[in-house]
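The structure appears below as structure tokens.
Protein chains in written order, with the numbering used here: chain R, 537 to 1162; chain F, 60 to 175.
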């Protein structure tokens, strides 16, 4: 019994000793570990290069927000962001490796053979250089150690995929030397359509002063969004987001829904471009289509030909940026004044023709239309509506002088009350400020001739958009709507900021608007815009032709050439207006004539015919019930 | 009876602790045997934290890989959208119809709307 107890005790002791030894060993190991950790953390100074290489550093990553899209009134994409790729080549890849290899010469020859095949393919995609030229560049680059050989201009994803599958390039960065630098850019699916209205944002490195243009520029703060930031740490599997660090999520830019209808924009572009493309003497033209009831701009075409290009491009917003003497389209302003102020009760009222000379006014040219009128009609009087139809300067100069010579400020104030003297708030930057002469202007001599010429559209300077807003108010029974381009601001289809129509003021009574509409209708039926008589729906409007001035204020250059500014402005259908429209052409100094009743009227006729067939408001209704 | 604490007690305590550690009796001497399971549990938790951290790192690596894939897909989607929208331009559609010899052209009259 005792012997067995002793044996168990011995056995236990042996187990205890073994466990104790293991324990002591582990204890020693832990002490060693602790001492080592303390040593490394406090006393050990590694080689700085090794320290940098082995220290897992956290570094920030800035997350670019997705720039908002610009869409048309039906949600179609007008501007979006997409990456482009600058293709380049590292010509030196595997050169050293082949140099050390005993079969290096054969491998180098094989590599160069592939480079030859690559050159052939590159020449197909980037035809500015031939295959031989590309091969020469690669060969020279390889000989001179060129690590970055730029190939062509930035390309889209489709071309990138194609290029990445070319011989040699398909072997990747380190075997084929394929380099593709990605850069996010703005793309415009509809090409040139409304490009100036949509605009752009150039980076600050651009040498051009105006870096923010159009809707892109004006609403950059909405479209851009806010940058995010997160910290990355190095792991065995590469850099990953450090979960213990702070993170700022990016705020994507919001989308802008414009009032533009890209179908109408396309029709408007074609209507205008087809009329002007063959005219070498034209400098530019613009066409704006506005919805009568709201002031929403459905199409805005700006075609301009600067000295650099032969074709018309959307490079300048003529509709808002060029204030010009409007010419006869301003006669409607005079007509509205005399009707609203009660000086004229009916369009059939007559005034003496006086051989086309405005009484008591010097320096205003005689109106030869009056001589023709006297001869043809055997009369020495003319009705207001006839004067309007033939666009007589005499009639409207006389109306201005005879009614406002004693209170010219009333005439000027009326113009301002029609918002023709102010650069109102608009969704695009660059709306030119109109010029309206005034007797109160001490820097300028005022005379009756100023009043007379203002009566028929000279002296003042307004933009086509101002004129269009005025005519739109007539179509809208006196209510002047503020022109606008941005319907709302959206995020993922949800409206965040509704903008929409705004009433500027009521500029005339319904009766006056109806009377002027009758006069405008007469112009398209029997007057200077007869060309529009056979449009698919009735158009009411007015033509106007003015001349640009040369230095010194002359309307002709030394060769007798003029700079024409021909305009047609009106609305349709005349009975129940849905759209207002203006078209202005600007000529270079020319001996040809560019009247408002010519190209502008033709362009608008094309536009009206195009829109008439597709706009739902023109669709006739058929009852389905039996 | 008040027992005053002396500085040599610290040395004695350290000596006793060291001996206890050597004998493997440190925790028993502290009389924390009944908390042994908690101590083991704490070590378990620490091990779990380390293990989960490694798992998170693995997941984050996958997230980064998937993000790159998503970015690529987004680019492809954007490019396809661009191509489709580009083709939907009215004049382009007209040109394509003409090239294909289609008789479909722009309407000459507005469509008739059926109403109840």
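Glycine included, every Cβ here is placed at the ideal spot set by N, Cα and C.
Mind listing the chain F neighbours of residue 692 of chain R? Cutoff is C-beta to C-beta under 7 Å, in chain order. 138
Going along the segment 761-793 of chain R in order, which residues come within less than 8 Å of chain F, judged by CB to CB distance? 771, 773, 774, 775, 776, 777 and 779
In terms of DSSP beta bridges, what is residue 767 of chain R paired with? R/596
Using a Cβ-Cβ cut-off of 8 Å, state whether residue 162 of chain F counts as contacting chain R. no
Compare the Cα-Cα distances from residue 909 of chain R to each of R/930, R/896 and R/1015 and report the closest residue. R/930
So residue 119 of chain F contacts chain R; which residues on that side make the cut at Cβ distance below 7 Å? 776, 777 and 779
Between which residues of its own chain and residue 163 of chain F is the CB-CB distance below 6 Å, once the five residues before and five after are set aside? 156
Is there contact between the segment 874-889 of chain R and the segment 842-855 of chain R, where contact requires at least three CB pairs shorter than 8 Å? no
Pairwise C-alpha distance: residue 1152 of chain R and residue 28 of chain F: In the structure displayed, chain F extends from 60 to 175; residue 28 of chain F sits before or after that span and is not available.
Every unbroken beta strand (DSSP E) within the segment 799-832 of chain R, with a cutoff of 3 residues, ordered by chain: 818-827
Taking the alpha helix (DSSP H) that residue 773 of chain R falls in, what are its first and last residues? No alpha helix (DSSP H) holds residue 773 of chain R; DSSP gives it neither H nor E.
Taking beta-carbon pairs under 7 Å, can you tell me which members of the segment 142-166 of chain F lie near chain R? 144, 145, 148, 149, 150, 165 and 166
With 8 Å set as the bound, which would you pick, yes or no: does the beta-carbon of residue 74 of chain F sit closer than that to a beta-carbon of chain R? no
Exposure of residue 772 of chain R, with buried meaning 16 or more beta-carbon neighbours within 10 Å: exposed
Tell me, please, whether the CB atom of residue 556 of chain R is closer than 8 Å to any CB atom in chain F? yes
Near residue 481 of chain R, which residues of its chain fall below 8 Å by C-beta distance, leaving aside the five closest residues on each side in sequence? The displayed coordinates of chain R run from 537 to 1162. Any statement about residue 481 of chain R would go beyond what the structure contains.
For residue 618 of chain R, the first and last residue of its enclosing beta strand (DSSP E): 613-625
Between the C-alpha atoms of residue 129 of chain F and residue 136 of chain F, what's the straight-line distance to the nearest angstrom? 10 Å
Pop quiz: residue 820 of chain R and residue 840 of chain R are said to be a contact at Cβ under 8 Å. What is the actual Cβ separation, rounded to whole angstroms? 4 Å
According to DSSP, simplified to helix, strand and coil, what is residue 151 of chain F? helix
State the CB to CB distance for the pair residue 1102 of chain R and residue 1130 of chain R, rounded to an integer number of angstroms; the pair is presumed to be in contact (CB under 8 Å). 5 Å
Can you grab the Cα-Cα spacing for the pair residue 1100 of chain R / residue 814 of chain R, in whole Å? 17 Å
Please go through the same chain and pick out, in chain order, the residues whose beta-carbon is closer than 6 Å to the beta-carbon of residue 958 of chain R, but skip the five residues on each side of it. none
Residue-level contact to chain R via CB, residue 173 of chain F, 8 Å cutoff: yes
For residue 960 of chain R and residue 968 of chain R, what's the separation of their Cα atoms in angstroms? 9 Å
Cut-off 6 Å between Cβ atoms - residues of its own chain near residue 1163 of chain R, not counting five sequence neighbours on either side: Residue 1163 of chain R lies beyond the residue range present for chain R, which begins at 537 and ends at 1162; the question has no answer from this structure.
Is any beta-carbon of chain R found at less than 8 Å from that of residue 83 of chain F? yes
Would residue 1106 of chain R and residue 1121 of chain R be called neighbours here (beta carbons separated by less than 8 Å)? no
Have a look at R/749, R/1097, R/1071 and R/907 and flag the residue whose alpha-carbon is nearest the alpha-carbon of residue 1141 of chain R. R/1071
In this structure, how does DSSP classify residue 1057 of chain R when only helix, strand and coil are distinguished? helix
Identify the contact partners of residue 559 of chain R in chain F, using a Cβ-Cβ distance below 7 Å as the criterion. 83
On the DSSP bridge assignment, give the partners of residue 719 of chain R in chain order. R/620
Tell me the DSSP bridge mates of residue 1116 of chain R? R/826 and R/1107
Cβ pair count under 8 Å reaching 3, the segment 620-637 of chain R against the segment 141-158 of chain F: no
Residue ranges of each alpha helix (DSSP H) run of no fewer than 4 residues wholly in the segment 657-742 of chain R, ordered along the chain? 667-680, 693-700, 709-712 and 731-734
Amino acids of chain R, ordered along the chain, whose beta-carbon sits closer than 9 Å to that of residue 80 of chain F: 563
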